[in-house]
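Novice:
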Amino acid sequence: MRGEKALSFAASPAAALEGADALVIRLSELDPADFDARLAAGHIRVRTGKATSADLLELAQELDARHRGQEAEALLEEVVKRDPSATTVSLRLSKAALGRDELDRAKRFLPDTRHTTDPELLLTAGQVLVRL
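Position 111 of the sequence shown, counted from 1, bears residue number 169 in this note's numbering, the numbering being contiguous throughout.
#1: The alpha helix (DSSP H) with residue 175 in it runs from where to where?
#2: Could you give the uninterrupted runs of the alpha helix (DSSP H) lying entirely in the region 108–151, keeping only those of 4 residues or more?
#3: Apply the 10 Å Cβ neighbour rule to residue 150 and answer buried if 16 or more other Cβ atoms are within range, or exposed otherwise.
#4: Should residue 175 be labelled buried (16 or more other beta-carbon atoms within 10 Å of its own) or exposed?
#5: Run through DSSP, which three-state label would residue 91 get?
#6: My output table needs one value for residue 159: the three-state DSSP class, helix, strand or coil.
#7: Looking at residue 99: is its Cβ nearer than 7 Å to the Cβ of residue 118?
#8: Residue 78: which of 103, 124, 186 sits nearest, CA to CA?
#9: Where does residue 97 fall in DSSP's three states?
#10: Nearest to residue 107 by CA position, among 139, 121, 81, is which residue?
#11: Please classify residue 181 as buried or exposed, where buried requires at least 16 other C-beta atoms within 10 Å of its C-beta.
#12: Nearest-angstrom Cα distance between residue 115 and residue 74?
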């Protein structure tokens with residue numbers, strides 16, 4: 059009987075993945091100091107649609123502190139995808155792309171400047187437009 063359960067569990071990859079995901083998330087909750095576990099849980103939550111923008115921003119900040127900028131940007135992109143009105147995050151992504159001379163990417167993440175008086179946003183928009 060035990061062998062049959064193991065076989066039926068293995069026969070359902072979706073159930074196995076769901077169980078593994080739950081385990082990783084639970085491990086991250088048991089040891090909040092384990093950044094890699096929290097990051098893995100964050101990626102699972104993104105994949106399953108259960109991540110909050112606040113969680114993603116916190117993880118991105120920690121990745122930046124650990125000099126893992128590309129990973130941080132990937133999480134910030136997810137924030138912008140979920141909330142296009144997150145202009146501070148969009149501006150950060152645009153400035154980072156501008157710094158790498160990735161002009162199309164900088165333009166893609168540049169927030170709408172029509173109704174702003176934010177000098178940082180206007181300066182970044184100007185820099186992008188001048189380089190295009």
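All residues carry an ideal CB built from backbone N, CA and C; glycine is no exception.
Specialist: So, from the listed chains and residues:
#1: Segment: none, residue 175 is in no alpha helix (DSSP H) and carries neither H nor E.
#2: Taken in chain order, the whole alpha helix (DSSP H) runs of length 4 or more contained in the region 108–151 are 111–123, 127–140.
#3: The residue is buried, with at least 16 neighbouring Cβ atoms inside 10 Å.
#4: Exposed, by the Cβ-count rule.
#5: Coil.
#6: Secondary structure of residue 159 (DSSP, three-state): coil.
#7: The answer is no: Cβ separation not under 7 Å.
#8: Here the closest residue by C-alpha is 103.
#9: In the structure shown, residue 97 sits in a helix (DSSP, three-state: H, G or I).
#10: In terms of CA proximity to residue 107, 139 leads the group 139, 121, 81.
#11: So residue 181 ends up on the exposed side.
#12: The alpha-carbon atoms of residue 115 and residue 74 are separated by roughly 29 Å.
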